[in-house]
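Mind the numbering: the sequence shown is residues 1 to 143 in full-length UniProt numbering, read in order. Where a beta carbon is used, it is the ideal one built from N, C-alpha and C, also for glycine. Data first, discussion second: the structure below is written as C-alpha cells.
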Amino acid sequence: MIRKLQKEDLTAVLSIWLKENIQAHDFISDTYWNSQSDSVKEQLPQSEVYVYIDNNDKIVGFIGLIDYYIAGFFIDSTKQSRGIGKQLLDYCKAKKAKLTLEAYQKNQRAIRFYQREGFVTKDETIDEDTGEKEFVMVWENSD
C-alpha cells in the first residue's frame, strides 16, 4: 500500500534513508551521510513524501518530491527487486507530468532502473558536497 508520509513515519523513513544511502553510495563516506541526517529530518515533513507499507504494516520504501524533483527515493535493500520502487514511481508519474532527479554516475544500478522507467539523461553535474559526478535525468509524460 502507498500513502502519504505521516509524522509517526519519520523514524522509519530516516532509517531507510541512512542505511540505503550508505549501501548504495559506498563510494561516499558514511560520515557524510550521517552528517546529513538532521537536515533530511527537517526537510521530510516539508516535502511531498509517499511511503510503501508491506503486508506486515512496515514501511519498506519511500519517495520524496519537491514539486517535480525526486529529492529522495529508497527501498529497503531486503525488499528491492520486487516491484516496490516501480510502484512508488508509477504512483508519482500518475500525479506529475514530469519528474527530474540527480543520480550519482557510479550508482549504475539506480541509473539502469531509471532508464528502464523512461528517464533520459539530460545533463551531467558535480555534487558540490561530495565532488561526485551526477547525471540529471528527466521523465516526461508522453500522453
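Delimiting residues of the beta strand (DSSP E) encompassing residue i
i: threonine 100; result: 98-104
i: glutamate 94; result: The sequence shown places alanine at residue 94, rather than the glutamate named in the question. Alanine 94 -> no beta strand (DSSP E), and no H or E assigned at all.
Contacts around residue i, its chain only, beta-carbon distance under 7 Å, and the 5 residues preceding and following it disregarded
i: alanine 71; result: Ser47, Gly64 and Leu65
i: glycine 83; result: none
Residues that DSSP places opposite residue i in a beta bridge
i: aspartate 76; result: Paired residue(s): none; aspartate 76 is not in a bridge.
i: threonine 121; result: Met137
With 16 other Cβ atoms within 10 Å as the buried cut-off, status of residue i
i: tyrosine 114; result: buried
i: phenylalanine 135; result: buried
i: phenylalanine 74; result: buried
i: aspartate 127; result: exposed
i: phenylalanine 27; result: exposed
i: asparagine 34; result: exposed
i: aspartate 38; result: exposed
i: asparagine 56; result: exposed
i: glycine 131; result: exposed
i: asparagine 141; result: exposed
i: alanine 94; result: exposed
i: tyrosine 32; result: exposed
Proximal residues to residue i (C-beta, below 6 Å), its chain only, five neighbours per side dropped
i: threonine 121; result: Phe135 and Met137
i: valine 60; result: Tyr52, Asp54, Asp76 and Lys79
i: leucine 89; result: Glu117
Simplified DSSP state of residue i, which is helix, strand or coil
i: arginine 3; result: strand
i: lysine 58; result: coil
i: glutamate 48; result: strand
i: glycine 85; result: helix
Endpoints, alpha helix (DSSP H) assigned at residue i
i: threonine 11; result: 10-24
i: glutamate 128; result: From DSSP, glutamate 128 is part of no alpha helix (DSSP H); its letter is neither H nor E.
i: serine 29; result: No alpha helix (DSSP H) holds serine 29; DSSP gives it neither H nor E.
i: tyrosine 114; result: 108-116
8 Å CB neighbourhood of residue i in its chain, flanking five on each side removed
i: glutamate 124; result: Gln105, Lys133, Glu134, Phe135 and Val136
Short CB-CB distance (under 7 Å) between residue i and chain C
i: serine 29; result: Considering every chain present, this structure includes no chain C. It has just one protein chain.
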